[in-house]
Amino acid sequence: MNKTLQALVKLQDVDTSIQEIQRKIYVFPETMKQLDKLLAENEQKVEALKTSIEEQEKLRRVKEREVEMQNEHIRRYQGQLLQVKTNKEYSALLLEIKTLKSKNSLIEDDILELMESIERAKHSLGISQKDLERNRVRIQQEKEIQEKSLTEIQNTLEKEQQRRKILAEDVDAGALREYTKLLNLRNGVAISAVEEDGVCTGCHVALTPQMFAEIKTGNYLHRCPICFRFLYWANSENQQEDM
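Just so we're on the same page, this note's numbering is the position in the sequence shown counted from 1, plus 48.
Take a look at the structure:
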């Protein structure tokens, strides 16, 4: 294979590796953010249940005080029953007592519903707190794994960048400039393989028979007439022998 083309193929392999590593590094902050978000959602669920319990407990106490106040009125009216002198006054007091007892009955039903709701919320809170602790441990472990992986990836990136620097020194300066330009313009792919069908795998254009034949020899530095990527013959067996 043409020496410059061979060097460019090797350089593309390294650049592809570097790009993949950089993509992994790029998504790392988002991965950590999602882990933090998951933990925050668990914490918010626990806090929401605590708040709900507190509010329901507060409302229960308000209603219990209301019942107690009504009972005080009932006791007072019952005491007055012994003091009234007319049937009209007696009937009026009985009606007040009956009305207050009816109100208390409704309030006590509300209190009972609140107590049942509070018990359900406390049960859910217990489950959510256990889930939170499990998730806190799991998420911390996952973050440690991700951080360790990031360190390894960054070390690999440094090695690949050093390898790229060495490979770039073997590439003709003019070809390297064109390669770098294409790398930026063509989504990180400056070189395309040409397979048995004589088509550029970068843009899928069919090459002329003459160009295809010359590319197969490996002695020419051809570029695709459409996407302008450098082209090389993708015969895997011969490619491995040449490289």
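Positions of the beta carbon are idealized from the N, C-alpha and C atoms, including for glycine.
Taking Cβ to Cβ, would you say Asn183 is nearer than 8 Å to Asn50? Position 135 of the sequence shown, counted from the first residue, corresponds to residue 183. Position 2 of the sequence shown, counted from the first residue, corresponds to residue 50. Taking the C-beta atoms as reference points, Asn50 is found no nearer than 8 Å to Asn183.
If you drop the 5 nearest sequence neighbours on each side, which residues of the same chain put their C-beta closer than 8 Å to that of Lys151? To locate residue 151, count along the sequence shown from 1; it is residue 103. Excluding positions up to five away in sequence, the list reads Gln118.
Proximity of Glu144 and Tyr125 at Cβ, strictly below 8 Å: What you label residue 144 is simply residue 96 of the sequence shown in a count that begins at 1. What you label residue 125 is simply residue 77 of the sequence shown in a count that begins at 1. Contact: yes.
Tell me the residue span of the beta strand (DSSP E) that contains Leu53. If you number the sequence shown from 1, residue 53 lands on position 5. Careful: Leu53 lies outside any beta strand (DSSP E), inside the alpha helix (DSSP H) at 51-129.
How close, in whole Å, do the beta carbons of Arg212 and Leu59 come, if the pair is a contact with beta carbons under 8 Å? Along the sequence shown, one-based indexing puts residue 212 at 164. Along the sequence shown, one-based indexing puts residue 59 at 11. With a Cβ gap of about 7 Å, Arg212 and Leu59 count as contacting.
Where Leu242 falls, given that 16 or more other Cβ within 10 Å makes a residue buried: Counting from 1 along the sequence shown, the entry for residue 242 is found at position 194. The residue asked about is misnamed: residue 242 is Val in this sequence, not Leu. Buried is the call here.
Verify whether the separation of the beta carbon atoms of Val247 and Ile274 is less than 8 Å. Position 199 of the sequence shown, counting from 1, holds the residue named residue 247. Position 226 of the sequence shown, counting from 1, holds the residue named residue 274. Contact: no.
Under the three-state DSSP convention, the category Asp290 falls into: Taking the first residue of the sequence shown as 1, we reach residue 290 at position 242. Unreliable placement is indicated for Asp290, whose pLDDT of 44 sits below 50; no coordinate value is reported for it.
Output the distance between the C-alpha atoms of Asn283 and Thr79, rounded to the nearest integer angstrom. Here residue 283 is taken as the residue at index 235 of the sequence shown, counted from 1. Here residue 79 is taken as the residue at index 31 of the sequence shown, counted from 1. As the crow flies, the alpha-carbon of Asn283 is around 39 Å from that of Thr79.
Ile239 and Phe278 - do their beta-carbons sit closer together than 8 Å? What you label residue 278 is simply residue 230 of the sequence shown in a count that begins at 1. What you label residue 239 is simply residue 191 of the sequence shown in a count that begins at 1. Contact: yes.
Our contact map puts Leu180 next to Glu91 with C-beta atoms below 8 Å; I'd like the distance itself, whole angstroms only. For the purposes of this step, residue 180 is identified with residue 132 of the sequence shown, where counting begins at 1. For the purposes of this step, residue 91 is identified with residue 43 of the sequence shown, where counting begins at 1. Correct: roughly 6 Å between the Cβ atoms.
On the criterion of 16 or more Cβ atoms from any shown chain inside 10 Å, does His270 qualify as buried, or is it exposed? The residue labelled residue 270 in the question sits at position 222 within the sequence shown. Buried, by the Cβ-count rule.
Close Cβ partners of Ala169 (< 8 Å) along its chain, the five nearest in sequence each way excluded: By 1-based counting over the sequence shown, the position of residue 169 is 121. Around Ala169: Leu97, Ser100, Ile101, Gln104.
What does a CB cutoff of less than 8 Å around Gln67 pick up in its chain, not counting 5 residues either side in sequence? As a first step, residue 67 must be located in the sequence shown, where it is residue number 19. Cβ within range, chain order: Gly236.
Secondary structure at Asp239, three-state DSSP: helix, strand or coil? Numbered from 1 along the sequence shown, position 191 holds the residue referred to as residue 239. Checking the sequence shown, residue 239 turns out to be Ile, not Asp. Three-state DSSP puts Ile239 in a strand.
With the cut-off set at 8 Å, would you say Ile193 and Lys72 are in Cβ contact? Start at 1 with the first residue of the sequence shown, and residue 193 comes out as number 145. Start at 1 with the first residue of the sequence shown, and residue 72 comes out as number 24. Cβ atoms of Ile193 and Lys72: not closer than 8 Å.
Which same chain residues, not among the five before or five after Thr249, have their C-beta less than 8 Å away from its C-beta? Taking the sequence shown and counting its residues from 1, the one referred to as residue 249 is at position 201. Excluding positions up to five away in sequence, the list reads Ser240, Ala241, Val242, Glu243, Ala282.
Candidates Lys229, Leu205, Lys191, Glu226: closest to Pro77 by CA position: Locating residue 77 in the sequence shown gives position 29, counting from the first residue. If we check each option's Cα against that of Pro77, Lys191 comes out closest.
Three-state class that DSSP yields for Leu269 in the structure shown: For the purposes of this step, residue 269 is taken as the residue at position 221 of the sequence shown. Reduced to three states, the DSSP call for Leu269 is coil.
Could you work out which residue in Lys264, Ile263, Arg234 is closest to Cys251 when comparing CA atoms only? Residue numbering aside, residue 251 sits at position 203 when the sequence shown is read from its first letter. Ranking Lys264, Ile263, Arg234 by Cα distance to Cys251 puts Arg234 first.
Assuming contact is defined by CB atoms lying nearer than 8 Å, are Ala88 and Leu215 in contact in what I supplied? Within the sequence shown, the letter at position 40 stands for residue 88. Within the sequence shown, the letter at position 167 stands for residue 215. No, they are not a contact pair.
Quick one: what does DSSP say Val132 is sitting in, helix, strand or coil? For this step, residue 132 is matched to residue 84 along the sequence shown. Three-state result, Val132: coil.
Contacts around Asp290, its chain only, beta-carbon distance under 6 Å, and the 5 residues preceding and following it disregarded: In the sequence shown, the residue the question calls residue 290 occupies position 242. For Asp290, the pLDDT reaches just 44, beneath the cut-off of 50, and the residue's location in the model is therefore unreliable, although a value from the coordinates is still provided. Counting only Cβ-Cβ distances below 6 Å, and skipping sequence neighbours, we find Met49.
Since I believe Met163 is in contact with Arg108 (beta carbons under 8 Å), could you give me their beta-carbon distance rounded to a whole number of angstroms? Numbered from 1 along the sequence shown, position 60 holds the residue referred to as residue 108. Numbered from 1 along the sequence shown, position 115 holds the residue referred to as residue 163. Confirmed, about 7 Å.
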